[in-house]
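Going down the list, the protein sequences come from chains L and P.
Each residue of the first sequence is one higher than the one before, counting from 1 in the UniProt record's numbering.
Each residue of the second sequence is one higher than the one before, counting from 1 in the UniProt record's numbering.
From the three backbone atoms N, C-alpha and C, an ideal C-beta is built for every residue, glycine too.
Okay, so here's the structure we're looking at.
Number of protein chains: 2
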Amino acid sequence: MSTTLPRKDLFDLPEGMIYLDGNSLGPLPKAVKGHLASVVTDQWGANLIKGWNLDGWMEQPTRVGDRIGRLIGAPAGSVVMGDTLSIKVYQALSAGLEMRPERKVVLSDSGNFPSDLYMAEGLIRHLGKGHELRIVAPEEVEAAITDEVAVAMITQVDYRTGRMHDMDAITAKAHAAGAVMLWDLAHSAGAVPVDVAGSGCEFAVGCTYKYLNGGPGAPAFIYVRPDLVAAIEPALSGWLGHDAPFAFEQGYRPARNIERMRVGTPPVLQMSALEVALEAWDGVDMAELRAVSVRLCDLFIAEVEAKCPALELASPRDASQRGSQVSFRFEHGYAAMQALIARDVIGDFRAPDVMRFGFTPLYIDEADVRRAVAILAEVIDQRLWDRPEYRKAGRVT
Amino acid sequence: MSTTLPRKDLFDLPEGMIYLDGNSLGPLPKAVKGHLASVVTDQWGANLIKGWNLDGWMEQPTRVGDRIGRLIGAPAGSVVMGDTLSIKVYQALSAGLEMRPERKVVLSDSGNFPSDLYMAEGLIRHLGKGHELRIVAPEEVEAAITDEVAVAMITQVDYRTGRMHDMDAITAKAHAAGAVMLWDLAHSAGAVPVDVAGSGCEFAVGCTYKYLNGGPGAPAFIYVRPDLVAAIEPALSGWLGHDAPFAFEQGYRPARNIERMRVGTPPVLQMSALEVALEAWDGVDMAELRAVSVRLCDLFIAEVEAKCPALELASPRDASQRGSQVSFRFEHGYAAMQALIARDVIGDFRAPDVMRFGFTPLYIDEADVRRAVAILAEVIDQRLWDRPEYRKAGRVT
Chain L
1 MSTTLPRKDL FDLPEGMIYL DGNSLGPLPK AVKGHLASVV TDQWGANLIK GWNLDGWMEQ
61 PTRVGDRIGR LIGAPAGSVV MGDTLSIKVY QALSAGLEMR PERKVVLSDS GNFPSDLYMA
121 EGLIRHLGKG HELRIVAPEE VEAAITDEVA VAMITQVDYR TGRMHDMDAI TAKAHAAGAV
181 MLWDLAHSAG AVPVDVAGSG CEFAVGCTYK YLNGGPGAPA FIYVRPDLVA AIEPALSGWL
241 GHDAPFAFEQ GYRPARNIER MRVGTPPVLQ MSALEVALEA WDGVDMAELR AVSVRLCDLF
301 IAEVEAKCPA LELASPRDAS QRGSQVSFRF EHGYAAMQAL IARDVIGDFR APDVMRFGFT
361 PLYIDEADVR RAVAILAEVI DQRLWDRPEY RKAGRVT
Chain P
1 MSTTLPRKDL FDLPEGMIYL DGNSLGPLPK AVKGHLASVV TDQWGANLIK GWNLDGWMEQ
61 PTRVGDRIGR LIGAPAGSVV MGDTLSIKVY QALSAGLEMR PERKVVLSDS GNFPSDLYMA
121 EGLIRHLGKG HELRIVAPEE VEAAITDEVA VAMITQVDYR TGRMHDMDAI TAKAHAAGAV
181 MLWDLAHSAG AVPVDVAGSG CEFAVGCTYK YLNGGPGAPA FIYVRPDLVA AIEPALSGWL
241 GHDAPFAFEQ GYRPARNIER MRVGTPPVLQ MSALEVALEA WDGVDMAELR AVSVRLCDLF
301 IAEVEAKCPA LELASPRDAS QRGSQVSFRF EHGYAAMQAL IARDVIGDFR APDVMRFGFT
361 PLYIDEADVR RAVAILAEVI DQRLWDRPEY RKAGRVT
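See below:
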């Protein structure tokens, strides 16, 4: 196996910091600075409005979408970028509900990121057509997919515990029950091998500022299974999803391809940062990435359990059921994470007691893992979390 | 009157170019380059996830919203940034329809930007509650505001002709008829004095990449009249509109203020460019800006009519009924605009025959106007538009 990982030299990582929060916001790829400066000066500054043509801004959402597609097993022309993940959830879910007008249940699980649940709740309330958002425990998803379910809306990797659903099995179950399958890949894209086309799911959505290192607020993506796209009537029917946006027709006619999932003017500067950030993935073998990720996560679990017995594993022990993050429960987790961050080991905290650590083989190696645990053990053993400065309420990043 | 305009030194304008397309995409403010580089390196690069707290990313949408608010007469805390204008139209229109459940008409006019009409069409179709999008001629809007109208959704300045609606009069008419008033300020914000609070309108939305120079794809804004915001149940109920986003509750509870109109994670890089771009407005007196804008537009009309008799004014001659742009109809407008752009006078073209020119007193002066018309006259007189290279079909920026 050719070892191409890690690729630390591609990232600007602060000296001395061990960054285990790439599952929340990826670090800065070195290539971003120069490229973004050039987009600002040589494209916007020099070409102004002509940039839409000369610099390929108009096609950027599909061009970048194809780059994402290669990481999630989506064929060219089936992924488009834009907006935020919440908006993409709304687009996919509203389209999915229209595909099953006789069914009234949106199935999700309590491990889904709250915004997905909120968007479903808002959509259902707003439609006022008697839909129900049914939320079950992650372990109960398969059993809960009945012929009442219009759309199964599931996040593959649980943001809190790292628990990973079996995408193929659940998609097959959904289809056997006649339901539409919508996957949220927020914690999957760039974290684990994904094959959306192979799974046969109708929709997949995700964000790009986590494992894909696109920067704070990088745009989201949406995949629509190619055989379905022509039948979708977008709820968010913006001009850039029109078949001929610059004809300025009075009535909406959706584009004939994935571009109908575009809405408004794309964020060119933000997307340019993402576009160049994705070059860090050139030549990465996802199977190798996964193997390294599993090794790092397993090592972290073994080290923490050996050195910090007060912490209780909140993630699946079986790597095959886990994404690229590991979480531990600790009663004083909030303050402990503050203390850890103060010592330049960056993880994050999710209420009520979860200390969360992401492992990203592009820039994390085994030495980082060992050093992180050594510092964590100091924080726990020396009760550094009991210091007043770490106990004050507030959000831990 | 203290003369503070133009402020050309604040912008990077290409040498020799006369840029009359700031109504489509504003030029690069010099301050953007350094600031964006610092956001990338010193915020994202150095602080990573901590940037959400340390660098004020989380509050940026309201902080920037307040800056926009000062330009459109909105009180502090009543404007928030995010997404695209099309999404903001959807949010405002869906909320407006819920405020008048017994009424079924969305009134707009044929001068509205198509995306607003498309978003209304998609919303109406998706809701399936028998709403009607009624589109009248711009001159007929006031008369068409009847007690059937749930929401009057009007763009103040017509993107094609520059024709400007009387915001106070139409809002008053809407309210007298019991309708909700939604203004699109895409071609107003930074172009003409606006007083949303004074008008009493319920909603206003707009974009920031035109007269506000926020860069390609800069985020949109939404204003909600402060007394109404607590009653709105957002259709797009994303986690950052939640009252306590970091509590990760399973159910949605909207924020108690304008933040309930937030949806997903904001585009920090893109919004940082906008934030610093808005400094060009510090100390600008909108009455002075308007006076200069009128002078430039009147001069342009007089010069074109004197030197290019083949062109027919498509904008109102009366400045009080015109925004900060002037349009002329010309049978060969498409090719003529191509020829003009090739000579570094940048306007744009809108089908079927409109040549459109924006006048932005921050960086355009009378000498620019005279020189632009001299070059336009050459293009027309010498039939440069008849050259094959300008006649090929395609989009003119």
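- Between G96 of chain L and F203 of chain L, the C-beta spacing is below 8 Å.
- In this structure, DSSP gives H165 of chain L a state outside helix and strand, which the three-state scheme calls coil.
- Secondary structure at V263 of chain P: coil, using DSSP grouped into helix, strand and coil.
- For a cut-off of 8 Å, the C-beta gap from P267 of chain L to P216 of chain L is around 12 Å, too long to register as a contact.
- By a beta-carbon distance limit of 8 Å, M355 of chain P does not contact S324 of chain P. Their separation comes to about 16 Å.
- In the DSSP assignment, Y223 of chain L falls within the unbroken beta strand (DSSP E) covering A220 to V224.
- A direct Cα-Cα distance of roughly 26 Å separates V379 of chain L from D12 of chain L.
- Residues of chain L with a Cβ closer than 7 Å to the Cβ of H126 of chain P are, in chain order, S94 and A235.
- Interface annotation for the stretch 246 to 275 of chain P against chain L: F246, A247, F248, E249, Q250, G251, Y252, V263, G264, T265, P266, P267, V268, L269, Q270, M271 and A273, criterion Cβ-Cβ distance under 8 Å.
- The beta-carbon of G333 of chain P is placed no less than 8 Å from the nearest beta-carbon of chain L.
- Residues of the stretch 109 to 120 of chain L that bring their beta carbon within less than 7 Å of a beta carbon in chain P comprise S110, P114, S115, L117, Y118 and M119, in sequence order.
- With a contact defined as Cβ atoms closer than 8 Å, Y159 of chain L and L25 of chain L miss out at about 13 Å.
- When 9 Å is used as the limit between beta carbons, W57 of chain L is near these residues of chain P: P216 and G217, in chain order.
- Not a single CB atom of chain P sits nearer than 8 Å to the CB of Y223 of chain L.
- A direct Cα-to-Cα measurement between E148 of chain L and G162 of chain L gives close to 28 Å.
- Contacts between V40 of chain L and chain P, judged by CB atoms closer than 7 Å, involve L28, V32, K33 and L36 in chain order.
- Segment contact: the stretch 306 to 321 of chain P against the stretch 16 to 32 of chain P, fewer than three CB-CB distances shorter than 8 Å; contact not assigned.
- In this model, F349 of chain P and A191 of chain P are separated by some 19 Å (Cα to Cα).
- DSSP, read as helix, strand or coil, puts P216 of chain L in coil.
- In the three-state reduction of the DSSP assignment, G69 of chain L falls in the helix class, which pools H, G and I.
- Not flagged as an interface residue toward chain L: W183 of chain P, since no C-beta distance is shorter than 8 Å.
- Within the stretch 56 to 77 of chain P, the residues whose Cβ lies closer than 7 Å to some Cβ of chain L are W57, listed in chain order.
- With respect to chain L, the C-beta atom of A179 of chain P has no partner C-beta closer than 8 Å.
- About 7 Å separates the Cβ atoms of E121 of chain L and G251 of chain P, confirming a contact at the 8 Å cut-off.
- Not a single C-beta of chain P is nearer than 8 Å to the C-beta of H131 of chain L.
- Under the three-state reduction of DSSP output, Q91 of chain L falls in the helix class.
- R329 of chain L: member of the beta strand (DSSP E) spanning Q325 to R329, first to last residue.
- Cβ atoms of S188 of chain P and V194 of chain P come within 8 Å of each other, at about 5 Å.
- DSSP places T208 of chain L outside both helix and strand once states are collapsed to three, so it counts as coil.
- Boundaries of the beta strand (DSSP E) around R350 of chain P: D348 to R350.
- Burial check for S320 of chain P: the Cβ neighbour count within 10 Å stays below 16, so the residue is exposed.
- Bounds of the alpha helix (DSSP H) holding F300 of chain L are M286 to K307.
- Distance between D386 of chain L and R343 of chain L, taken at the CA atoms: about 15 Å.
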